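Written out below as structure tokens is the structure these notes cover.
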Amino acid sequence: MGISPVLWQFLVKWLNASALFPSEASTIAPYMDALYFFLLSITGIGVLLVAVLLVVFSVRYRKAVHPVATQIEGSTLLEATWTIIPLGLFLICFVWGALLYFRIYNPPVNSMNIYIVGKQWMWKAEHPGGQHEINALHVPTGQPIQLTMISQDVFHSFSIPAFRIKREVIPGRYSTVWFQATTPGEYHIFCTQYCGTNHSAMIGTITVLSPADYKKWTEESTSGMSLAQNGERLFASMGCNACHSGNAAARGPSLAGVYGSKLLLNNGSQVLVNDAYLRDAILNPSQHVTSGYTPIMPTYQGQISEDGLIDLVEYLKNLSSNDRVQQTLTTSQSDQAAPSASGVVKP
Amino acid sequence: MSAASPTIVKLPDQSTATMPKKNFINAEHGLLSWLLTGDHKRIAILYLISITVFFFIGGAFAGLIRLELLTPQGDLVSSDTYNKLFTMHGVIMVFLFLVPSVPATIGNFLIPMMIGARDLAFPKINLLSWYLYIAAGTIMLTAMALGGVDTGWTFTTPLSTHYLNTHVLTTAVAVFIAGFSSIFTGLNFIVTIHRMRCPGMTWFRMPLFVWAHYAASILMVLGTPVLAITLVLVGMERVFGIGVFDPTKGGDPLLFQHLFWFYSHPAVYIMILPGMAVISEVVSTFSRKRVFGYTAVAFSSVAIALFGFFVWEHHMFIMGVSNYSALVFSLLTMLVAVPSAIKIFNWCFTLQQGSITFETPMLYAFGFMGLFTIGGLTGVFLGSLGMDIQLTETYFIVAHFHFVMVGGMLMAFLAGVHFWWPKMTGRMYPESLSKLAAVVTFIGFNLTFMPQFILGYLGMPRRYHAYPQEFQVLNVLSTAGATVLGVGYLLPVLYLAWSLKYGAIAGDNPWQATGLEWQTQSPPLTENFPEIPIMDHEAYDYEWLEHKTQHEVTHVG
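Those sequence lines, one after another, are chains A and B. Plus 288 on top of the position in the first sequence (first one is 1) and you've got my numbering. Position 475, counted from 1, in the second sequence is what my numbering calls 466; the numbers after and before it change by one each time, with no gaps.
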């Protein structure tokens, strides 16, 4: 009885298209795989050992050949052996795993930053140069890339199996992960934290390009406005510049060069100004009052989207002087001054 | 190696055994005599029937999940239905099957008998515990009938508090009540083991079954209240918006996960320790040899219970917790793996120099040892920080906990049910059919869950309704395995039911086991023993048993 050739071809194609081991497409992947094979071999040896013990004892001491059981209390030596050897092996797994963990979650200083916003049920990627992508991400090879991620609603989790990286994307808090891609190609992006109805549709494709292709891509797909430029507009339209003008008499502290500095707060504590601090200070200002200023800033909770916050953060990151802030302020105040002078009837 | 001496055990001739005229089953008649009983054995039977029902409801959901995953597209059910299926599969299996499975049935039946007591310390609380279980089950079924719930069994906030319109509160109430059922069982066991041991039954003469249940009971009593608190907070957040878990109100969404896993990790040990309890008894009995290193096995149970409380954060390594706290929790996770390794090797060496026979419970116990070893060692993958990044939230973790919970716990549960079936019912199950079921279960299990490890490393996320094409072959294998597994689980229900009427009469001690429960009639009297026994020997003392039977023979002759 032969198998139908059509069915046979289908089966061959199906099996060829199926995956057994993920591709290694990042610098971290070989390290992860090394630990994986080490753990696999421990498991293999452990299971084999148990199986051999069970089979050998079952054959040698089955009732037919060994009708009389010999009572044994135990053996401290043997028991110490199988306490200490597994413990030693597990400690190796612990140290090895910890080294890998710290490597994956501590980005190198020269990495390029891309923002990721997760929401039900899509991934939005925002490049500093103003490229926006949905369920897609373009990155170059040979360059460490840090993802700064936040969720707009529920917990999501950003996973690229071919890069062996994954990190939870949390509402109300930036989380980061980094990678350096090695092989151009297209790989899966998955949301791995259950996030509601279309959880399994929250997938995307990461396209790894050679540096030259990447340059071409960035030029072709820019929206014309960088994140920082968007941020500057928001800074003016939300009226932030009224207080954070950099004038000596301003009601808010100057924000030029604040990113990366150590700031003394009203409550006496010192904080490092990073993305997370800036975001928190905008949303929850009363908890983050700079020393010497009064807590008069209103909260912006619910008034700026996560994308807007990213624009603002990116703007403040690159803000080195207050010249443009003051320029914008003068322009906008003179804009307002004109209609109010003629249109409002004074009592 | 110390005291080595030979033991010969002759199995009794079952053809002469007769059903005892008076026993706990025929002591009283009528439905009310069961529903209002205080007898721990009757309550155990009530529990056994109810958890079997819920097991098959949960199993049906699992079957639908596997059927959906046969093809990469989501084509059998809608996304929302799929999400409800895996949620209800998880909730039912964890809270209504695994947690009460061995303790509330086999443990309930045997703990008083093993320590030579007439009943548990609080028979009415024991019955209340079953009613709470039934209340929880009824509420859960109601929630399902009204449309179900799709939070995942983990109830993760803010998804469960702000984003879903399904029956989250109803399910939370059901789990809350089931928690109290579990607390009452644990409390009852602790008090009974402390206060009601028969004369001569010192702590180190207790069967290891009792030790493991003692450890599990401590976890139930100390851990479950935290689950209750967490669910109340979820309810308050959902109804009143108190904001504990809401970042826009100054709350912390991660706090929920800390609280939830503070219970739900120890809960894993609540589930597996009673399974280990069964394995100790079965392996010793069918090797006719005392458990190798009794003290080490006893204390490893206690060690698991203690360490079990301090590893919860290993569920959250990728969640943006401090890297240094992750280090501490990873180290503690490695430590908690050691007592389990000790147990496995001690059971293996119990076989050495034994006189081994291979009845069904022993086959299930062998299955347990193999599958639990894989389940335990794959846990080390997940405890190892870097590796966890790739594996967590994928099918690897699904495979891992099914190896522990189904390959380990369910195998142990079936080993226990077969082992004590003659004691509970007075009749034997059909041996060859049940051996077949054990083998079918083992094969089906491996076929179902082995491919999922590979899928996990490939990165296939858990709880996916549809998946990329290249994962299909492994998913088809897994679904095929689930079909075999389903047959393996249906068989025991059929032949055990058959054996109630047609099984061979078992006699008092068909396995020639040493536990006190075997030294009385099967099924036992309502008061367990005609007179309270006196424990004058160590646990698993096969020489004592041999002398006892010889003595009985001369007495009769």
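Glycine included, every Cβ here is placed at the ideal spot set by N, Cα and C. If you're wondering where the values come from, they're calculated on a predicted model, not measured in any experiment.
Give the DSSP bridge partners of residue i, in chain order.
i        : result
Ala424/A : Thr493/A
His444/A : Val457/A
Ser439/A : Gly406/A, Pro459/A
Pro452/B : Thr385/B
Lys32/B  : Answer by DSSP bridge pairing: none, since Lys32/B is not bridged.
Gln434/A : Asn401/A, Trp466/A
Ile496/B : Arg418/B
Leu642/A : The first residue shown for chain A is 289 and the last is 635, placing residue 642/A beyond what the model contains.
Asn519/B : Leu516/B
Thr578/A : Leu553/A
Ile550/B : With chain B covering -8 to 548 only, the question about residue 550/B has no answer from this structure.
Ser314/A : Ala469/A
Is residue j closer than 8 Å to residue i when the C-beta atoms are compared?
i        : j        : result
His31/B  : Leu111/B : yes
Phe433/B : Gly358/B : yes
Met197/B : Ile125/B : no
Leu250/B : Val217/B : yes
Ala203/B : Ala268/B : yes
Tyr603/A : Gly519/A : yes
Val577/A : Leu553/A : yes
Thr364/B : Gly334/A : yes
Phe443/A : Thr147/B : yes
Gln262/A : Gln419/A : What is shown of chain A runs 289 to 635, which leaves residue 262/A out entirely.
Trp370/A : Ala294/B : no
Leu373/B : Thr383/B : yes
Cys339/B : Leu342/A : yes
Val82/B  : Ser151/B : no
Val212/B : Ile174/B : yes
Ile392/A : Ile316/A : yes
Leu515/A : Pro583/A : no
Thr239/B : Gly590/A : yes
Gly29/B  : Lys115/B : yes
Met104/B : Glu529/B : no
Can you tell me where the alpha helix (DSSP H) with residue i in it begins and where it stops?
i        : result
Glu640/A : Examination of residue 640/A is not possible in this model, given that chain A is present from 289 through 635 alone.
Leu482/B : 463 to 493
Ile477/A : Note, Ile477/A: premise wrong, no alpha helix (DSSP H); beta strand (DSSP E) at 473 to 479.
Lys414/B : 402 to 416
Lys550/A : Counting along the chain, Lys550/A falls outside any alpha helix (DSSP H), though it belongs to the beta strand (DSSP E) covering 550 to 552.
Trp302/A : 293 to 305
Pro330/B : 314 to 342
Ile330/A : 317 to 348
Gly550/B : The shown model of chain B, from -8 to 548, leaves out residue 550/B, and the question about it has no answer.
Glu520/A : 515 to 525
Asp568/A : 563 to 571
Strictly below 7 Å CB to CB, what residues from chain A border residue i?
i        : result
Glu59/B  : Correct list: empty, because the minimum Cβ distance to chain A is about 11 Å.
Ser554/B : Residue 554/B is absent from the structure shown; chain B starts at -8 and stops at 548.
His456/B : Ser488
Val140/B : What Val140/B touches in chain A: nothing, since even the nearest Cβ is about 13 Å away.
Arg186/B : Within chain A, no residue comes near Arg186/B; the closest Cβ sits about 29 Å away, beyond 7 Å.
Along chain A, in chain order, which residues have C-beta atoms closer than 8 Å to that of residue i?
i        : result
Phe436/B : Simply none; closest approach about 14 Å.
Leu622/B : Any property of residue 622/B remains undetermined from this structure, which presents chain B solely from -8 to 548.
Ala238/B : Sequence check: residue 238/B is Pro here, not Ala. Within 8 Å Cβ-Cβ: Pro459, Gly460, Arg461.
Let's see if you can read the secondary structure: which residues bound the beta strand (DSSP E) around residue i?
i        : result
Gln558/A : 558 to 560
Note down, in chain order, every chain B residue with its Cβ under 8 Å from the Cβ of residue i.
i        : result
Pro573/A : Near Pro573/A there are no residues of chain B at all, since even the closest Cβ is about 13 Å away, more than 8 Å.
His476/A : Gly450, Pro459
Lys454/A : Ile309, Ile380, Gln381, Thr383, Glu384
Please compile the residues from chain B whose C-beta is within a distance smaller than 7 Å of the C-beta of residue i.
i        : result
His354/A : Ser346
Val442/A : Pro149, Leu150, Tyr154
So residue i contacts chain A; which residues on that side make the cut at Cβ distance below 9 Å?
i        : result
Met10/B  : Result: empty, since nearest Cβ-Cβ is about 28 Å, beyond 9 Å.
Val229/B : The sequence shown places Arg at residue 229/B, rather than the Val named in the question. Residues of chain A passing the Cβ test: none, with the nearest at roughly 14 Å.
Please compile the residues from chain B whose C-beta is within a distance smaller than 9 Å of the C-beta of residue i.
i        : result
Met320/A : Gly377, Met378, Ile380, Gln381
Verify the contact flag: residue i, CB atom, against every heavy atom of the ligand ATP, threshold strictly below 7 Å.
i        : result
Gln443/B : As for the ligand ATP, it is missing from this structure, which has no ligand bound.
- request: Ignoring anything shorter than 4 residues or poking outside the segment 355 to 415 of chain A, list the alpha helix (DSSP H) runs there in chain order.
  value: As far as the segment 355 to 415 of chain A is concerned, its whole alpha helix (DSSP H) runs of at least 4 residues are 364 to 393.
message: So within the segment 196 to 238 of chain B, which uninterrupted alpha helix (DSSP H) runs reach at least 4 residues, ignoring any that extend past its ends?
response: List check, alpha helix (DSSP H) in window: 199 to 231.
- prompt: Could you give the uninterrupted runs of the alpha helix (DSSP H) lying entirely in the segment 6 to 86 of chain B, keeping only those of 4 residues or more?
  reply: Annotation: the segment 6 to 86 of chain B contains the following complete segments of the alpha helix (DSSP H) (minimum length 4 residues), in chain order: 22 to 26, 31 to 59, 70 to 82.
task: Run through the segment 114 to 190 of chain B for me and flag every whole alpha helix (DSSP H) of 4 or more residues, listed as ranges in chain order.
output: Counting whole runs of 4 or more residues, the segment 114 to 190 of chain B contains the alpha helix (DSSP H) stretches 114 to 136, 159 to 186.
task: Please go through the segment 274 to 312 of chain B and give each complete alpha helix (DSSP H) segment of 4 or more residues, from N-terminal end onward.
output: Here the runs fully enclosed are 285 to 299.
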